[in-house]
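With the working numbering applied, the sequence shown has no gaps in its numbers, which climb one by one up to 124 at the end. Yeah, the Cβ is synthetic: ideal placement off N, Cα and C, and Gly gets one too. Treat the numbers as computed from the prediction; the structure is a model and nothing was measured.
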Amino acid sequence: MKLFSPDKANALIPVVAPLIDELWAKRRELAIRLLESDPALRRGGASRSRKFTELKAEIVRLINRIEEYGCVVKDLDLGLLDFPALRGGRPIYLCWKAGEPQIAHWHGTDEAFVDRKPLDL
């Protein structure tokens, strides 16, 4: 597992933020297509099924691209990413939410977003 310092994690924000935006766009497109394919609204076909499969595969590829950098996708809706790190010799996550200018919080590996604490830089 890759470990991050706050500086190294912050250096990745400009790289992963556009991937989160692209991920959100693909999810919106998938949701719209699912609504459009509702049998009560329209008849579906093999081409619709193929497009759903392609969109789902694109979403998985985007998640994998983000995680290849060493961070963990925690919540797609909020755009939450965790970056493994050490604090006082114990494993933690540096926590970033899409839209935040930099990483300013952390939480234990057994804690969640609501438990995050300010990062004393």
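Express the C-alpha separation of TRP109 and GLU70 in angstroms, rounding to a whole number. 18 Å
Tell me which same chain residues have a C-beta within less than 7 Å of the C-beta of PRO121, skipping the five on either side of it? ALA107 and HIS108
Relative to the C-alpha of LEU37, which candidate in LYS54, LEU15 and ASP24 has its C-alpha closest? LYS54
What residue does the beta strand (DSSP E) around VAL76 start on, and which one ends it? 75-78
Alpha carbon of VAL18 to alpha carbon of LEU65, nearest angstrom: 12 Å
Cβ neighbour criterion (16 or more within 10 Å) applied to ARG31: exposed
For my contact list, LEU79 and LYS100 are in at a C-beta cut-off of 8 Å; report their separation, rounded to the angstrom. No, LEU79 and LYS100 are not in contact; Cβ-Cβ is about 12 Å, not under 8 Å.
Taking DSSP as the reference, what is the three-state secondary structure of ALA154? No answer is possible for residue 154: the residues shown for the chain start at 4 and end at 124.
For ALA12, collect the residues of the same chain with a Cβ closer than 8 Å to its Cβ; drop the 5 residues on either side in sequence, then sort them by chain order. CYS74, PHE86, ALA88, LEU97, TRP99 and ILE106
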